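Last residue of the sequence shown? That's 150 in UniProt numbering, and every number before it is there in order. C-beta atoms are modelled at their ideal positions from N, C-alpha and C, and glycine is treated no differently. Since the structure is predicted, the reported quantities are computational estimates derived from the model, not experimental observations. What follows is a set of notes on a single structure, which appears directly below.
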Amino acid sequence: MTNLRSTHPHFVRCIIPNETKTPGAMENPLVMHQLRCNGVLEGIRICRKGFPNRILYADFKQRYRILNPNSIPEGQFIDNMKAAEKLLGSLDIDHTQYRLGHTKVFFKAGLLGLLEEMRDDRLALIITAFQARSRGLLARIEFQKMVDRR
1 MTNLRSTHPH
11 FVRCIIPNET
21 KTPGAMENPL
31 VMHQLRCNGV
41 LEGIRICRKG
51 FPNRILYADF
61 KQRYRILNPN
71 SIPEGQFIDN
81 MKAAEKLLGS
91 LDIDHTQYRL
101 GHTKVFFKAG
111 LLGLLEEMRD
121 DRLALIITAF
131 QARSRGLLAR
141 IEFQKMVDRR
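Right under this line is the structure:
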């Protein structure tokens, strides 16, 4: 048991084609039931609708909150799904480009890249402002040293 608990197994979904174990025979209702229960059909439906990119609500909230920190109230608990919904609603993006699932946000192709660009721009602004303030402080300290020497 210790050996089993120390591993990180990955499972392959096996589909049983028939209950009689007859080679080459396939029972369509049995196969469809297995595909439906395993979530394969739902995954295919989502990919066909064109939402290939997906991210968990908690990960989305943590990564993209920087785009509009005021949309998610600070200090009070808010569900990750509600937080993601508020954040996406506050951004200037087309609402047909994403869907909210039970545990994940689904994005059409290209929208996640756009969100990453928006995040990079926001981070660049924050870092530039921080650098400017730091350089200003260092310049004021250096200037004060020059004034004190005179």
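Rounding to the nearest angstrom, what Cα-Cα distance links residue i and residue j in this structure?
| i | j | result |
| --- | --- | --- |
| Ala-25 | Met-32 | 14 Å |
| residue 154 | His-102 | No statement about residue 154 is possible, as the shown extent of the chain runs from 1 to 150 and does not include it. |
| Asn-80 | His-8 | 27 Å |
| Arg-149 | Thr-128 | 31 Å |
| Glu-42 | Leu-137 | 56 Å |
| Arg-13 | Ile-44 | 15 Å |
| Asn-53 | Asn-3 | 35 Å |
| Ile-78 | Pro-69 | 13 Å |
| Asp-121 | Arg-140 | 28 Å |
| Glu-142 | Ile-66 | 34 Å |
| Asp-115 | Tyr-64 | Correcting the residue type first, residue 115 is Leu in the shown sequence and not Asp. Leu-115 and Tyr-64: Cα-Cα distance of roughly 8 Å. |
| Lys-108 | Phe-51 | 4 Å |
| Met-146 | Ile-72 | 46 Å |
| Gln-97 | Arg-133 | 38 Å |
| Leu-87 | Gly-110 | 18 Å |
List the endpoints of the continuous beta strand (DSSP E) containing residue i.
| i | result |
| --- | --- |
| Arg-54 | 53 to 56 |
For the alpha helix (DSSP H) holding residue i, just list the boundary residues, first then last.
| i | result |
| --- | --- |
| Ile-21 | Looking at the sequence provided, one finds Lys at residue 21 rather than Ile. Neither: Lys-21 is in no alpha helix (DSSP H) and is coded neither H nor E. |
| Asn-28 | 28 to 37 |
| Gly-50 | Run containing Gly-50: none; DSSP gives neither H nor E here. |
Who are the near neighbours of residue i in its chain, counting only those whose CB is closer than 6 Å to its CB and skipping five residues on each side?
| i | result |
| --- | --- |
| Ala-84 | Tyr-57, Phe-60, Lys-61 and Val-105 |
| Asn-38 | Arg-13 |
Closer than 8 Å by C-beta to residue i: which residues in its own chain qualify, once you throw out the five before and the five after it? Chain order, please.
| i | result |
| --- | --- |
| Leu-30 | Ile-16, Pro-17, Asn-18 and Glu-19 |
So does residue i have its beta carbon nearer than 7 Å to some heavy atom of the ligand PLP?
| i | result |
| --- | --- |
| Thr-96 | The ligand PLP is not part of the structure shown, which contains no ligands of any sort. |
Which residues in the same chain as residue i place their Cβ atom closer than 7 Å to its Cβ, once the five residues preceding and following it in sequence are excluded?
| i | result |
| --- | --- |
| Leu-91 | Leu-67 and Asn-68 |
| field | alpha helix (DSSP H) segments (min. 4 residues) lying fully within the segment 67 to 126 | value | 80 to 90
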